[in-house]
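Just below is one structure, and these are the notes that go with it.
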Amino acid sequence: MHCKFSYHVKLAVSQFSRELKRMLGERLVRVVLYGSYARGTYHDNSDVDIMVLVNMSEDEIRRIKNSIYDLAFEIEMNTGIDIAPIIKEKKQYEYWVDTLPFYKNIKEEGVVISE
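Once you know that position 23 of the sequence shown is 40 in our numbering, the rest is easy, because the numbers rise by one and skip nothing.
Dropping the structure here:
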């Protein structure tokens with residue numbers, strides 16, 4: 018991660034990524050930082066936008082997403098860093114990445130945290 022922001026934010030993002038890997042194992046494809054922190058336009062009240070790409074069915078994602086949100090909340094309670102994850106299936110992301118502006122921006126501006 019080669020972005021310029023505080024050590025505490027880097028630590029929180031690294032912890033989130035590590036815990037995702039532990040939680041999801043091989044189903045975790047990629048963790049991508051996007052939004053204001055990836056662009057370097059963040060401010061004190063910015064949340065940390067994270068795209069979590071997985072190899073899972075939509076049903077599996079529905080079952081695990083609350084655990085991922087709980088992890089982000091736990092990190093926020095411990096660090097004060099507001100991590101805002103979205104969880105997407107890799108094939109769905111790849112299908113829409115060159116069509117939908119949201120996915121295009123993540124592809125162009127995103128910073129891969131882990132693969």
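Positions of the beta carbon are idealized from the N, C-alpha and C atoms, including for glycine.
Short CB-CB distance (under 8 Å) between residue i and chain E
i    : result
L117 : Within the model displayed, chain E is absent; a lone protein chain is all it includes.
Rounded distance between the beta-carbons of residue j and residue i, thought under 8 Å
i   : j   : result
Y54 : F22 : 6 Å
V26 : V65 : 6 Å
Which of helix, strand or coil DSSP assigns to residue i
i    : result
Y73  : It should be noted that the sequence gives Met, not Tyr, for residue 73. Coil.
V114 : coil
E106 : strand
S34  : helix
Y59  : coil
D99  : coil
Cα-Cα separation between residue i and residue j, rounded to whole angstroms
i    : j    : result
M40  : K82  : 11 Å
E75  : E106 : 7 Å
V69  : D61  : 23 Å
Y24  : G57  : 14 Å
M18  : A29  : Because the pLDDT at M18 is just 49, under 50, the model does not fix this residue reliably, and the value given afterwards should be weighed accordingly. Going from the Cα of M18 to the Cα of A29 covers about 12 Å.
K121 : P102 : 17 Å
G42  : Y59  : 31 Å
Beta-carbon gap between residue i and residue j smaller than 8 Å
i    : j    : result
I98  : I104 : no
I100 : L37  : no
S63  : I130 : no
V48  : I123 : no
Cut-off 8 Å between Cβ atoms - residues of its own chain near residue i, not counting five sequence neighbours on either side
i    : result
F119 : none
Beta-carbon contacts of residue i that lie in its chain and below 7 Å, excluding the five residues immediately before and after
i   : result
N72 : R44, V46, K107
M94 : none
Sequence-distant residues of the same chain with beta carbon closer than 6 Å to residue i, five excluded per side
i   : result
W31 : Residue 31 is actually Ser in this sequence, not Trp. Answer for S31: no residue qualifies.
E77 : none
L88 : E36
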